[in-house]
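Scroll down for the structure; my scribbles are underneath it.
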Amino acid sequence: MSLEKLIEKFKQDPFSRMLGIDILEVREGFCKASMVIKEEHLNFHGIAHGGAILALADAAFAAASNSRNKVAVALSINVNYRRPVKAGTRLYAEAFEESLGKTTGLYRMKVITEDGKLVAVCDGLVYTFDEPVLK
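Be aware that the sequence shown starts at 6, since it is given in this note's numbering, and climbs by one per residue.
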């Protein structure tokens, strides 16, 4: 298994590509991703839709939890939003492996602005299958 091949697979995720999410860094149990909030990511208040922010955190979560080349799917994600974000803002999400068991793993995610302001914190639980992401 090549981590580089896994990273390429993560970068081809159709939903992430549609949203403009970039996978910046992946290591075992870790991912850093980024996106710029665009007009189409805004809600009716004129700020970033919570779903767009969560999608960025989830993309990092997915890459981090699948980084060992074992299929992992989300069982749950909890998100706490801390500040609003306007169009044009670049966001970064980092996902860290907190614990990994035989079939489940716990991950923590944080979303920040370019200048380090906290936008959201999340935790996610995955179920891990005994099958490779890359065959």
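Even for Gly, the Cβ is constructed at its ideal location relative to N, Cα and C.
6 Å Cβ shell around residue i - same chain, five flanking residues per side excluded
i	result
E136	V76
F15	I28 and A68
V41	R95
A57	H46
A62	A98, M114, V116 and C127
P142	Limits of the chain in this structure are 6 at one end and 140 at the other, which puts residue 142 out of reach.
Same chain, Cβ closer than 8 Å to residue i, neighbours up to 5 away in sequence not counted
i	result
N74	M6, L11, P137, V138 and L139
E30	C36 and K37
Endpoints, the beta strand (DSSP E) within which residue i is located
i	result
K37	F35 to V41
L139	Taken as a continuous stretch (DSSP letters only), L139 belongs to no beta strand (DSSP E), as it is neither H nor E.
I52	Careful: I52 lies outside any beta strand (DSSP E) and carries neither H nor E.
I28	D27 to R32
Chain-order list of residues whose beta-carbon lies under 7 Å from that of residue i (same chain, five-residue window excluded)
i	result
S21	A64
T108	Y132 and T133
G129	F66, A79, S81, I82, Y112 and M114
Element boundaries [alpha helix (DSSP H), containing residue i]
i	result
I12	L8 to K16
L47	From DSSP, L47 is part of no alpha helix (DSSP H); its letter is neither H nor E.
Anticipated Cβ contact below 8 Å, residue i with residue j, distance rounded
i	j	result
E119	R87	Incorrect: roughly 16 Å between the Cβ atoms, too far for contact.
M114	F66	6 Å
S70	G106	The Cβ separation is near 12 Å, so there is no contact.
L59	V84	5 Å
E44	A92	5 Å
Original post:
Taking one C-beta from the segment 43-50 and one from the segment 100-110 each time, how about it: are there three or more such pairs within less than 8 Å?
Top reply: no
**OP:** At 3 residues or longer, and completely inside the segment 65-128: list those beta strand (DSSP E) runs for me, N to C.
**Re:** Annotation: the segment 65-128 contains the following complete segments of the beta strand (DSSP E) (minimum length 3 residues), in chain order: 77-86, 95-105 and 109-118.
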